[in-house]
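Below: the structure, in structure tokens.
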Amino acid sequence: MPGPPLPNELELTLIGPNVGESVIAHYQGNWFLFDSCTDRKTGEPAAHVYLTSIGVQPEQVRVIACTHWHDDHFRGLGRLSEVYSHAQLWMSHALRREEFIDVVEAWRNFPSGAYPHTSGLEELTKCVDIARERNRPPMFASHDKRMWLSEDGTGELWSLSPSAAMIVKSQQDIAALFPATWSIKKAAAESRPNHIAVAMHLRAGNHSIILGSDLEEEGDPQTGWSAVIASTAKPPQRGSLYKVAHHGSETGHHGGIWTSLLSARPVAVLSPFSRSHLPRDSDVTRLKGLSSAVYITAKRGKTEVKRTGAVGKFTQQKKLRVIAGLAGAVTCRIDASNPAAEWSIQLEGLAEKL
206 MPGPPLPNEL ELTLIGPNVG ESVIAHYQGN WFLFDSCTDR KTGEPAAHVY
256 LTSIGVQPEQ VRVIACTHWH DDHFRGLGRL SEVYSHAQLW MSHALRREEF
306 IDVVEAWRNF PSGAYPHTSG LEELTKCVDI ARERNRPPMF ASHDKRMWLS
356 EDGTGELWSL SPSAAMIVKS QQDIAALFPA TWSIKKAAAE SRPNHIAVAM
406 HLRAGNHSII LGSDLEEEGD PQTGWSAVIA STAKPPQRGS LYKVAHHGSE
456 TGHHGGIWTS LLSARPVAVL SPFSRSHLPR DSDVTRLKGL SSAVYITAKR
506 GKTEVKRTGA VGKFTQQKKL RVIAGLAGAV TCRIDASNPA AEWSIQLEGL
556 AEKL
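Take the working numbering: the last position of the sequence shown gets the number 559, and nothing is skipped along the way.
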């Protein structure tokens, strides 16, 4: 397990697959948490397990961001809001609409777990309640909006989406979440493009990271990645590290990401999504052709592992070290003050280079 980063180091740690994924970032002692998954061993949010292990104090966490509502990105988010009380909660601007507020209120009347696959809504309701209790209401991310700025101005976090057109399209998705119609409309809602997904740009000194969330491309210039790339108000710096959108799927790909948002042959990191068999072989081939290196938090598809003795130790061709019950983690760090610096990569658990 890596120790804490140096103050001038820009870090991105991706943890998964567990149930979903968790993205953790650092710069100048400030920490940022994007989405959440739970630790298989402790049941705690994986981000909390990691930050505690390297001695991060709760007041150092500046931002907790929910990039969209799908269950695979929400597990443990309410717990993170409880623990990191100084952090600002950010949500997609699409969730500011009255329609979504009505959904949240409707779900308050249902017991936890009353409907399957609704943990995302339950977690989000908990986050909103905590924010209200602290008189620190959520803030809402949309295209070309700055979410955080460091005291010295060398670090900033920007949201790149959703666009105005995406927010309008999200109305149909939100309508499918009402309890009375959920069981009928769930499949349709999950199959739609992620209209509200929040892609982000994190700049630290001389280096930047592009965080793809689950943003998809539809071929519409006003939505998805096309809208991000067409914007003239987005940060001008190009990212040398890419947290790949939508688990590397073809629907999350747009050639302009690689030519307009990223430097030539960046480092790419992603987590698998076994339910949809992502990334596919064709996705891996595409990513390797565009990147200098590609890292994944766990093997794709169903992984056969055998326990041998002590809990937490597994064998799969060779003995693998599993930290804190996590399936896999990729930690990327770079000296943000040095323009010539390169990313150092540390793999834990079942993470591997593709």
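By construction, the Cβ of each residue, glycine as well, lies at the ideal position given by its N, Cα and C atoms. Because the structure is a prediction, the values reported are computed rather than measured.
Q | Nearest to Ile-220 (by Cα), restricted to the options Ile-550, Asn-543, Gln-551 and Thr-502 | A | Position 15 of the sequence shown, counted from the first residue, corresponds to residue 220. Per the Cα distances, Thr-502.
Q. Quick one: what's Cys-242 bridged to in DSSP?
A. Locating residue 242 in the sequence shown gives position 37, where the first residue counts as 1. None, per the DSSP bridge assignment.
Q) Apart from the five residues just before and just after Ser-481, which ones in its own chain have a Cβ nearer than 8 Å to its Cβ? A) Position 276 of the sequence shown, counted from the first residue, corresponds to residue 481. Closer than 8 Å at the Cβ level, and outside the excluded window around Ser-481, lie His-452 and Ser-454.
Q.
Please report the distance separating the alpha-carbon of Glu-264 from that of Ser-290.
A. Position 59 of the sequence shown, counting from 1, holds the residue named residue 264. Position 85 of the sequence shown, counting from 1, holds the residue named residue 290. Roughly 7 Å separates the two Cα atoms.
(Q) Whole angstroms are fine: how far does the CA of Cys-332 sit from the CA of Gly-360? (A) Along the sequence shown, one-based indexing puts residue 360 at 155. Along the sequence shown, one-based indexing puts residue 332 at 127. So the two alpha carbons sit approximately 26 Å from each other.
Q.
By the three-class DSSP mapping on this structure, what secondary structure does Thr-257 have?
A. Counting from 1 along the sequence shown, the entry for residue 257 is found at position 52. Correct three-state label for Thr-257: helix.
Q | Same chain only: Cβ atoms within 6 Å of Val-474, ignoring 5 sequence neighbours per side | A | Start at 1 with the first residue of the sequence shown, and residue 474 comes out as number 269. These residues qualify, in order along the chain: Leu-219, Lys-448, Tyr-500 and Val-535.
Q. Start and end of the alpha helix (DSSP H) containing Ala-432?
A. By one-based count along the sequence shown, residue 432 stands at place 227. Segment 429-435, the alpha helix (DSSP H) holding Ala-432.
(Q) Among Ile-415, Trp-353, Val-254 and Arg-485, whose alpha-carbon lies nearest the alpha-carbon of Gly-461? (A) For the purposes of this step, residue 461 is taken as residue 256 along the sequence shown, with counting starting at 1. Taking only the C-alpha atoms, the option nearest Gly-461 is Ile-415.
Q.
Between the segment 417-437 and the segment 267-274, can you find at least three pairs of beta-carbon atoms closer than 8 Å?
A. yes
Q: Inspect the beta-carbon positions of Met-352 and Val-268 and report whether they are closer than 8 Å.
A: Locating residue 352 in the sequence shown gives position 147, where the first residue counts as 1. Locating residue 268 in the sequence shown gives position 63, where the first residue counts as 1. A contact, by the Cβ cut-off of 8 Å.
Q.
Which of the three DSSP states is assigned to Ser-481 in this structure?
A. In the sequence shown, residue 481 corresponds to position 276, counting from 1. Of the three classes helix, strand and coil, the one that applies to Ser-481 here is helix, per DSSP.
Q: Could you have a look at Leu-555 and say whether DSSP puts it in helix, strand or coil?
A: For this step, residue 555 is matched to residue 350 along the sequence shown. Looking at Leu-555 - three-state DSSP - the assignment turns out to be coil, as it is neither helix nor strand.
(Q) Quick check on DSSP: helix, strand or coil for Lys-331? (A) What you label residue 331 is simply residue 126 of the sequence shown in a count that begins at 1. Lys-331: helix per DSSP, three-state reduction.
Q: Determine the DSSP secondary structure at Gly-533, reduced to helix, strand or coil.
A: The residue you call residue 533 lines up with position 328 of the sequence shown. Residue state, collapsed to three classes: strand.
Q: Check each candidate in Leu-365, Glu-338 and Asp-357 and name the one with the smallest Cα separation from Phe-563.
A: Any property of residue 563 remains undetermined from this structure, which presents the chain solely from 206 to 559.
Q) Taking C-alpha atoms, which residue in Ala-450, Ala-498 and Pro-477 lies nearest to Arg-470? A) Taking the sequence shown and counting its residues from 1, the one referred to as residue 470 is at position 265. Taking only the C-alpha atoms, the option nearest Arg-470 is Ala-498.
Q: For Ala-473, name the three-state secondary structure that DSSP assigns.
A: The residue labelled residue 473 in the question sits at position 268 within the sequence shown. Three-state DSSP puts Ala-473 in a strand.
Q: Have a look at Val-373 and Ala-545 and give me their C-alpha separation to the nearest angstrom.
A: Position 168 of the sequence shown, counted from the first residue, corresponds to residue 373. Position 340 of the sequence shown, counted from the first residue, corresponds to residue 545. Distance between the alpha carbons of Val-373 and Ala-545: 42 Å.
Q | Range covered by the beta strand (DSSP E) that runs through Val-403 | A | Translated into the one-based positions of the sequence shown, residue 403 becomes position 198. Segment: none, Val-403 is in no beta strand (DSSP E) and carries neither H nor E.
Q | Element boundaries [alpha helix (DSSP H), containing Thr-490] | A | Taking the sequence shown and counting its residues from 1, one reaches residue 490 at position 285. That run of the alpha helix (DSSP H) goes 486-495.
Q) Quick one: what's got a C-beta closer than 6 Å to Ile-401's C-beta in the same chain, skipping five residues either side? A) On the sequence shown, residue 401 is found 196 positions in, with the first residue counted as 1. Once the five neighbours on either side are set aside, the close Cβ partners of Ile-401 are His-273, Ser-297, Ala-299, Pro-367 and Ser-375.
(Q) Can you tell me where the alpha helix (DSSP H) holding Arg-284 begins and where it ends? (A) Residue mapping note: residue 284 aligns to position 79 of the sequence shown, counting from 1. Taken as a continuous stretch (DSSP letters only), the alpha helix (DSSP H) holding Arg-284 covers 282-288.
Q | Alpha-carbon to alpha-carbon, His-412 and Ser-542 | A | By one-based count along the sequence shown, residue 542 stands at place 337. By one-based count along the sequence shown, residue 412 stands at place 207. Distance between the alpha carbons of Ser-542 and His-412: 8 Å.
Q) To the nearest angstrom, how far is it from the Cα of Arg-505 to the Cα of Ile-539? A) In the sequence shown, residue 505 corresponds to position 300, counting from 1. In the sequence shown, residue 539 corresponds to position 334, counting from 1. Computed Cα separation, rounded: 27 Å.
(Q) For a test of the three-state rule: what should DSSP assign to Ser-445, helix, strand or coil? (A) Against the sequence shown, residue 445 aligns to sequence position 240. Strand at Ser-445.
Q) By Cβ distance, which residues of its chain are closer than 6 Å to Ala-450, with the 5 residues on each side in sequence left out? A) Locating residue 450 in the sequence shown gives position 245, where the first residue counts as 1. For Ala-450, where only same-chain residues beyond five positions count, the Cβ hits under 6 Å are Gly-417, Leu-420 and Gly-457.
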